[in-house]
Structure formats: C-alpha cells, structure tokens
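Quick note, in this note's numbering, the sequence shown goes up one by one and the last residue is 296.
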Amino acid sequence: MPDQPASPRPRRRGQPPPDARERAAGARRSGARATPTIAADEPRYARIANQLIAAIASGRYRVGSLLPTEHELCEQFDSSRFTIREALRLLAEGGMVSRRPRAGTVVISSIQREPYLQALDSIDDLLQYASGTRLRLLERGWATHEPGQADPPPIPAGEAWVFARLIRHLPGNPHPVCVTRVYLSPAFASLARRIASQAVPVYRQIEARFGVRVARVEQQISACALARDDASVLLARAGGPALRIVRAYHGDDGRLLEVSDSLHPAGRFGYAMTIRRAGPGDLGGRRG
C-alpha cells in the first residue's frame, strides 16, 4: 500500500468524504494563483538567457566580474552570435548585466529586475519550464473537492488527492518566482515525501516510478489578487496582482495524473509567444 503523506497538513477546506475523513485535511487555497515567463518567438536565446541568469544567481559569475565573451558563449552554447546577443540583451533589460563597448559584459546584479523568462516551443518545453529553479516544501497533506464547496481545489469532485504547497525560486534570488499547489492522484501518494527533495519535475517522477506517460497538458491562465498567506511567503503585497496558471497533466489513456496551480506576483514572470500560420491562406475555416 503506498505511503501516506505526513503532517504538516494544509488548512481544512471542507469536511472530507467519510472514506477519507482521517487522512484528508483539505487544502488551503486562498485567493488567486499565478505563472512563469515564456519567450517562444526565439526560444533558443530565451533558454540561453535563463541558463545565464541561473549561473549569475548561483554565484558562478559574481557581481563585478565579466561574462565570457560573445565568441566564447557562441562555442559554449553552440549558437550564433545573433542568438547570444539577444540572450545578453534580455539580461541587460533585466538589470543583471551592463554591456560596455570594448570592455565586455559586466555583471551588475545577481537579482533579476524583470520577470523570469521561459521558452516554450513544444509540450516538452512546457513540462520543462521549471529548469534552473528550486522547490521548497511549505506544507503537505490531503485535499478534497466536495459538491457546493467554496473555492474548491482543481481536482475531481468527491475525491481526496495528495496535496503539497511549495515555493519556487531561482538560486541566489530572495524573491520567489511563484507559490505552487500540486495535487497528485491518490495512486501516486508514495511520491508525497519526495516532491521537493528531487530536482526532477513531479511529472517525470510519476513517469519513472509508475510507468505512465504525460501525453497532454491543459493550461488555463488568469489574473488574480494575492491572498495574505500567499503574499507572505512570496514577499509580496497582499491584494497585489498576480498571474495564475493551472496545468492539468493527462496520461495516454486520458486519465488525470497531476494538477499544478501556480501564482506569480506581478513583475516576476512573463508569458510571451508567437503564433505562426500552419500553411498558406487564411487562419480558420475554408474559403467559400
């Protein structure tokens, strides 16, 4: 029988169903939720920028030091000079580096002023968006969704799911990127103790341990206001604006495996994408 997650448990969200009364304490989900940044129109330079941001935040490149030259970065990332320059432009716009003619690129801050950038080009990129960030567990337990429940968790009604509330952050940056609530199908309860202890994304842990595959991800994005308990751990203002991203992970058979519900305070995450035509002609229906 799978391990049952131990305390601490989230605040009660409603009385759990009788068959789960002793194990479910509900989940505290206050206010709105938010999301991370995406640059899909040039995903390669955005990925490189994220790696350089993480290297600066971790202390590999200290404030006052020089980044490698453009030529060295081209070799390191096997990319063109244009791609490297675009990546460095993002860092400069984020207030982390200063580009000086004939002097190189100088690190001026280990904290990013602009939102965390995420490059999305495919479902694999979507699932890998957390690359370079770290998780810290705040609480875990069980969450339930009952008929008529106010602000229910995004899980099937009448079921008790494993719940964990976590903070995601970039190494060296004191301001978290987001707070995330993760919900796991009861079949994966044994992962509850390992959610934040491994650098591997939760969906990868599910795939490796249980032999299933994430085939489809449904994503909903909305704006919201930060509740007081979320604002406190995010070092943000209660009632301030945030971006909420809810992602539902489905297996090959359509079964719901995992749900993540993330809140990003204003200014810490951006989402941009470019949509291209699949072929010639108008988008949408046929011409009559």
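Virtual Cβ for every residue (Gly too), placed ideally from N, Cα, C.
Taking a C-beta distance under 8 Å as the contact criterion, M104 and I64 qualify as a contact pair. Between L199 and A231, the beta carbon gap of about 31 Å keeps them out of contact (Cβ cut-off 8 Å). Residue pairing by DSSP places T113 opposite R107 in a beta bridge.
Around G180, the same chain offers I64, A65, S66, G67, S118, I119 as residues with beta carbons nearer than 8 Å, after the five sequence neighbours per side are excluded. Taking a cut-off of 8 Å for Cβ pairs, the stretch 256–263 and the stretch 233–244 do not touch, as fewer than three such pairs fall below it.
Using a Cβ-Cβ distance cut-off of 8 Å, the stretch 159–170 and the stretch 183–199 are in contact, since at least three pairs of beta carbons, one from each stretch, lie closer than that value. For the options R245, R221, I229, H272, the alpha carbon positioned closest to that of D261 is the one of R221. Listed in chain order, the beta strand (DSSP E) runs fully inside the stretch 184–232 are 186–192, counting runs of at least 3 residues.
Nearest to P249 by C-alpha distance, out of Q213, V115, F277, Y69, is F277. Between P273 and V185, the alpha-carbon positions lie close to 8 Å from each other. It is roughly 44 Å from the alpha-carbon of D86 to the alpha-carbon of A246. For the pair V187 and I203, the CB atoms are not nearer than the 8 Å cut-off.
The straight-line gap separating the alpha-carbon atoms of Y53 and E94 is approximately 6 Å. If you look at H177, you'll find it in the beta strand (DSSP E) that goes 168–177.
Between T141 and H177, the gap from beta carbon to beta carbon is short of 8 Å. Here L98 is buried. Its C-beta has 16 or more other C-beta atoms within 10 Å. In the three-state scheme derived from DSSP, where H, G and I count as helix and E and B as strand, D269 is classed as strand. DSSP, read as helix, strand or coil, puts H153 in coil. Under the DSSP assignment, I119 falls outside any beta strand (DSSP E); it carries neither an H nor an E label. Only exposed fits E226, as fewer than 16 other CB atoms lie within 10 angstroms of its CB.
Taking a contact as a CB-CB distance under 8 Å, the pair L75 and V115 counts as one, their CB atoms being some 7 Å apart.
Per DSSP, the unbroken alpha helix (DSSP H) holding A95 starts and ends at 89–101.
Within the DSSP bridge table, the entry for I253 names I229, S270 as partners.
DSSP, read as helix, strand or coil, puts L81 in helix. R142 is bridged by DSSP to H177. When secondary structure is reduced to three states using DSSP, L243 falls in the coil class, being assigned neither helix nor strand. Distances from the alpha-carbon of L265 to those of F196, L60, S106 put F196 closest.
Residue pairing by DSSP puts G259 in a beta bridge opposite V222.
Of the candidates P164, L143, T77, L96, L96 places its Cα closest to the Cα of L60.
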